[in-house]
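Residue numbers (this note's numbering), protein chains in the order written: chain Z, -2 to 197; chain G, 174 to 434; chain F, 15 to 167; chain U, 12 to 783. Note that beta-carbon positions come from the ideal geometry of N, C-alpha and C, so glycine has one too. Because the structure is a prediction, the values reported are computed rather than measured.
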């Protein structure tokens, strides 16, 4: 299934982009992200933990970067894979994320071609689409908060325990950090897995 | 009890919960079974309306004479739930707490301005159904709250109503779109099902309107509420279109009854 | 584990069941009622229908513990001369027949409410039961025939 | 109607409308099915399924599963492959499907490991605890990628021994096409047509959804593998298991019970090879029972894409037809190659056509395997040819009914694939449905929201040929009889009509004829219960075995001097047997043996034959033993606001040669039509990147009683077959062939739009109306 969306972050791409490259920041912005680990130049592994309706959920994932464009429009393509062994399900996402300027803000847009295989796959599209919207909103709000230490509108609807907003010093982009940016956006979708555990 | 159990799941009729357990995606292991608690299956009626316990079945609401008399729109909507066998078991409290966007009763309860009575160790509070559905399968119930009653105001004399459920595939499938319309005292109340992540409500004053004007007004007030989820039953575009068709049908139908009354 | 008693077709069955045991499995495995069948597991096909008292229930979604003391009727508990059973047989309302016990029990419930059901009432009451062989026309005739036999005009 | 109490009546014999022998038992649910049988202590089996559409298996971790209390064993595909070698691969056309995947997985949901445990819940829990590491391979999701891409579902083709004509494909690599059938007659490219219509048609994959779920119990007893299973093909299963376990046929026993529906779902290799392998490996009783979700993954109906043309010459004659057909067979060929040929050869339709060119291909993709389904691929091509001829009639300004009628094949005509038509009364069927729906009365098409239309369509299908049927009849001294055949009664009522045939020949009450359920230790070989072949093939064997019994009885009677009134040799026709009745039979047998309770036994065989397709042209003088001819007529209303189609009247006619039991024939016609209505309007499997997304009955759409037409008329057409038992042919599939195109044609009539993709959902209709 194809998912695409766009959200605004109240900071310029040059501010947002470095933020993406900070693994600590990303970990805080991704709902439920507990680990991010670099395996080699282009492969990363992480763990997403979430608790919804009192059910704790944990899914491993990996990310492999395919290309990075760092010009006016900054873009990253990557393949993400996640797996929930208990639910007998796996997910694969071909993702493209772009950041471009929009006045004083940045527009972040993503396109994903997501395959969801196994038990969760047969629960169908509506739930996934809906959950991905929720997680995206949460991620966008946290990201906005991370960009702007001042109070922001658009309070996250259901913040996780790690939602305390850090003030992050931008650091120069590194190859490692770039990968994390993609992980961030796309993990929002993997978090869908967590949401579904509630089973409604 | 709800506050002492780890990972509780309230078990009403159980029809929805059992399905999720079977699909291997629900692991709640502490069911709080309401079947053993007395007094939750009663329906009472007075001049103001109905009060139904959470364990009243959908079938009970469909067939109860008082419901048919006092709130025929509710009775009609409950009659459209799944099939008679499921209605025999499905509880009205569970149906509401499930919070699913496609269920049949919520549109009717929205149009009728029903109230949910929610109880926890902290006490009992009333939640208007119009504020009950918060987000996709999310309700305003706190985790430790139970639905302990549903109150439905009596349909005013001289009111008219319609419930239209439309399935796009086999005829007894889930709704692709559903609508409840109640016209009472020239106020038109509209409840929508399956057309957004939550059941939605809209109303407008139809004083002085012709039937066509009322239809136009109805289409106008529902337009911003439509946010359908695409699935095998239809795309966003198709569901939006269907919404217009069934809302027009329902408003026109109810209007006609009003004229004939 | 709970000890419960199910009165199945008039005979009490005392049995121990777990909290999560489904009525369907208890009826099949402990009371020997193989006319009660799992077709979908989600209440959508009606092959697992039983009557509790006079009320139809999807036994595949029903927790057995809730039915302690209940009077349960399954299709094999009906006599061959029962109006509904004989009408179904006489009207050829069974091909593979796997779903038919469910239709028979739904029909009993329908006729208890509407002794002379209209065509729409038949549709409304039976639409939640699936016959993949497509025996619906014969089933429709059988319901009308049973109604006729039960309460002749 | 209630049966008459008289012990023997015409009602009971050939042509009688007697009720199924076990009607009361089926209604009360006391006919025992496989899953109802007590099996005692056994290992319950659950499988771990692939979460990848196409991937090499790197490692299977079973430790966690094994550690669970109550788990007896966890077996991987590699374990079984080590034990059974290449014999682990089975299949009716290609030996390509392993009971458990061992080298790679080819679809999401493919079994990778099996758990044996004390109970099913434990087995399922442990199956979930198995963990597999994969190396992903490029998946092939659709026909286009399969035909043009560079990823192959199978590294090389592995035809099984069943089809001699597939041997040349052995070891072929770098293709997803496992079979191609080509029909060429004349030269369609050189036809100077006056008018050509062309269409790209699609019929989606669907599922059979018999309400009874598949279930197999297997065990070892005295060094033999015994099995009780939900199968339409006990004889095939026995052969497959004998091959798998390398046992003589005598050491494999396959038994069945009446099936709770099948429609092709319970054929060939489903749960049986795995059950046999596990039972043999562990030498213990195992029980495999599929849940509904699992049943969806066992087999499906082929999705098919058809690009086709039909050309009329200046004189209005059909001069040419072409069709490029591709059947999506999923990860495993199953019987897809046979479907590809048998359906490809009728892709031009039952018409007199000057020249034809058909290419029909069977294509692998990374999806659940497709296999036989009521109609055997023919409904898909019927969707194409009946839409095309309808469109051509419209183009030429002709009446679609009259136009078809003019060009339909008649008795004695040579069909495009080279076989002569006999007992295939297309015209009779078409006339019957046209009359039933009052074709001559123009519908009031309407100008508002509701538009009305009418449509007809015709279908043709060949019976599975060649096949073999055997029957053994044991006549009991009390003039009751026990018939041993391996035909499986799965709802069609075969046991009843076979009893009627025996009863008719012997002039006894058919209720005294007992049909023994298929048991390969007892009942003789029968190729298959499928393809609507049983009435003709097994029916012929049964008639012969009863005739032979009658001859035997009359001969015995002739030897008995105390019955001087007996004639000598009876006539072979089997009609004039006034001299036999139950009383007389009892006397003859008693006199012969001098004992009560004795039995007489006869046996008979019926084997049909064919001429294989010509390698160049795909033609054959005798491609089939007989033909099915069917037609459907529809009147309907389209709600143009919602796109919903309401069927007002559907008439379905089938030429059955002779109806052995008209009530059961009508039931087959209406039942098939109702299934066809689903296929036309909503019934389909929805897959997203190889994942089945509607594989539960909450989402999979089946017709309910609410989806019936206001009026549904079955019509029996009888043009007796020279070689059929009493002139009879089968009927199970006839009613489904032409349903979808008849509905499509009626929609075309109502709103002027031609649909080429199934199902014709309300959304598809509204979208087409909006973009007009």
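- When secondary structure is reduced to three states using DSSP, residue 667 of chain U falls in the coil class, being assigned neither helix nor strand.
- Residue 72 of chain U: member of the beta strand (DSSP E) spanning 66 to 72, first to last residue.
- Shown here for residue 623 of chain U: same chain residues with a beta carbon closer than 7 Å to its own, the five before and five after excluded, namely 176 and 631 in chain order.
- Contact with chain G is found for residue 69 of chain F, since one of that chain's Cβ atoms lies less than 7 Å from the residue's Cβ.
- DSSP places residue 150 of chain F within a helical segment (H, G or I) once states are collapsed to three.
- Sorting U:502, U:694 and U:285 by C-alpha distance to the C-alpha of residue 34 of chain U places U:502 at the top.
- Contact with chain F is absent for residue 356 of chain U, since none of that chain's Cβ atoms lies less than 7 Å from the residue's Cβ.
- In the three-state DSSP reduction, residue 621 of chain U falls in the coil class, being neither helix nor strand.
- Taken through DSSP and simplified to helix, strand or coil, residue 170 of chain U comes out as strand.
- The residue among U:430, U:84, U:571 and U:464 with its C-alpha nearest the C-alpha of residue 633 of chain U is U:430.
- With fewer than 16 other CB atoms across the displayed protein chains lying within 10 angstroms of its CB, residue 95 of chain F is exposed.
- Along the region 145 to 168 of chain U, none of the residues has a CB nearer than 7 Å to a CB of chain Z.
- Taken atom to atom, the span from the alpha-carbon of residue 401 of chain U to that of residue 382 of chain U is near 29 Å.
- Listed in chain order, the positions of the region 127 to 142 of chain U with a beta carbon within less than 7 Å of a beta carbon of chain Z are 139 and 142.
- Between the alpha carbons of residue 771 of chain U and residue 565 of chain U lies a distance of about 60 Å.
- Closest option to residue 127 of chain U, judged by alpha-carbon separation, among U:294, U:254, U:213 and U:211: U:294.
- Secondary structure within the region 169 to 199 of chain U: the beta strand (DSSP E) runs of 3 or more consecutive residues, fully enclosed, are 188 to 196 (chain order).
- At a cut-off of 7 Å between beta-carbon atoms, residue 122 of chain F makes no contact with chain G.
- Secondary structure of residue 291 of chain U (DSSP, three-state): helix.
- Shown in chain order are the members of the region 492 to 504 of chain U whose Cβ falls below 9 Å from a Cβ of chain F: 500, 501, 502, 503 and 504.
- Going by DSSP, residue 133 of chain U is part of the alpha helix (DSSP H) stretching over 131 to 140.
- Between residue 484 of chain U and residue 556 of chain U, the C-beta spacing is below 7 Å.
- For residue 756 of chain U, no beta strand (DSSP E) encloses it; the enclosing alpha helix (DSSP H) starts and ends at 750 to 762.
- Shown here for residue 153 of chain U: same chain residues with a beta carbon closer than 7 Å to its own, the five before and five after excluded, namely 376 in chain order.
- Close CB contacts of residue 92 of chain F within its chain, under the 6 Å cut and outside five residues either way in sequence, are with 99 (chain order).
- For residue 129 of chain F, the three-state secondary structure derived from DSSP is coil.
- Around the beta carbon of residue 93 of chain U, fewer than 16 other beta carbons lie within 10 angstroms, which makes this residue exposed.
- Here residue 391 of chain U has 214 and 315 as same chain residues with Cβ atoms under 6 Å from its own Cβ, once five neighbours each way along the sequence are excluded.
- Fewer than three beta-carbon pairs drawn from the region 127 to 134 of chain F and the region 56 to 65 of chain U are found closer than 8 Å, and the two stretches are therefore not classed as touching.
- Proximity to residue 350 of chain G across G:277, G:376 and G:290 peaks at G:277, based on C-alpha coordinates.
- At a cut-off of 7 Å between C-beta atoms, residue 137 of chain F counts as an interface residue with respect to chain U.
- Of all alpha-carbon atoms in U:195, U:781 and U:320, the one lying nearest the alpha-carbon of residue 628 of chain U is that of U:195.
- The beta strand (DSSP E) runs of length 3 or more contained entirely in the region 63 to 99 of chain Z are, from start to end of the chain, 71 to 81 and 86 to 99.
- Two segments are said to touch when three or more pairs of C-beta atoms, one from each, lie closer than 8 Å; by this definition the region 409 to 428 of chain U does not touch the region 297 to 315 of chain U.
- With contacts defined by Cβ atoms closer than 7 Å, residue 736 of chain U and residue 551 of chain U form a contacting pair.
- Along the region 108 to 120 of chain F, the positions whose C-beta sits under 7 Å from a C-beta of chain U are 108, 109, 110, 111, 112, 113, 114, 115 and 118, read in chain order.
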